[in-house]
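K.L.:
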Amino acid sequence: MINDQDIHFLRLSNEVGRRAIALGKHPFGAVLVAPDNQTVLLTQCNIDTVNHAESTLARIAASNFPAEYLWQCTLYTAVEPCCMCAGTIYWANIGRVVFGMSETRLLACTGSHEENPTMSLSAAAVFAHGQKPIRLIGPVAALDEETFALQQSFWQKR
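If you read the sequence shown in the UniProt record's numbering, its first letter stands for residue 1, the second for the next number, and so on.
Dropping the structure here:
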């Protein structure tokens, strides 16, 4: 189910998250890959509390590509999309989502930090209430520790 390309793009999403840190933002990144499973169409780092990497990427993608095309694309993100991002991904019609670390595991890094009041609502629960069968894959064990270390390092300093 997970292949080397999936791992590569998940790692790239962490690199985009590092770019976010360099820009003074939270360490989240998203990558949109074309139906050929090789071409990176977009990358997006976190902007602020209502413009997360995944939701911003999904809105930009929906403005630039037909829905039928996006249904064949994959959005990669190191951390499971929050309920806001999952909803935006759903409406953008992105058909496949792969994430490395769960939202629950993110909570272990952030605790009750006021800058990231993590909601206990999985992307799977959001997608399950929709009418489209979005393929959600994750968490991916091969990325869990790497992503956890990045997140924990950031949030411990906040």
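The C-beta atom is built at its ideal place from N, Cα and C for all residues, glycine as well.
(1) Rounding to the nearest angstrom, what Cα-Cα distance links Ala20 and Asp48 in this structure?
(2) Taking the alpha-carbon positions, what's the Val33 to Ile89 distance?
(3) Do Val97 and Leu75 have their C-beta atoms within less than 8 Å of each other?
(4) How many angstroms separate the CA atom of Gly130 from the CA atom of Ile94?
(5) Quick check: the region 36 to 51 against the region 59 to 72, are there 3 or more CB pairs under 8 Å?
(6) Does the separation of the CB atoms of Met101 and Phe148 fall below 8 Å?
(7) Output needed for Pro139: all residues of its chain with C-beta closer than 8 Å, excluding positions within five of it in sequence on either side, in chain order.
(8) Rounded to the nearest angstrom, what separates Ile137 and Glu115 at their Cα positions?
(9) Return the CA-CA distance between Arg11 and Met119, expressed in angstroms with no decimal places.
(10) List the whole-angstrom C-beta distance separating Glu146 from Asn14, where the pair is believed to meet the contact cut-off of C-beta under 8 Å.
(11) To the nearest angstrom, how far is it from the Cα of Pro27 to the Cα of Gly87?
(12) Could you have a look at Met84 and say whether DSSP puts it in helix, strand or coil?
(13) Give me the residue from Thr110, Val50, Asp4 with the minimum Cα distance to Ser153.
P.N.:
The short version:
(1) 10 Å
(2) 14 Å
(3) yes
(4) 13 Å
(5) yes
(6) yes
(7) Glu80, Phe99, Gly100, Met101, Ser102, Arg105
(8) 27 Å
(9) 24 Å
(10) 7 Å
(11) 21 Å
(12) helix
(13) Thr110
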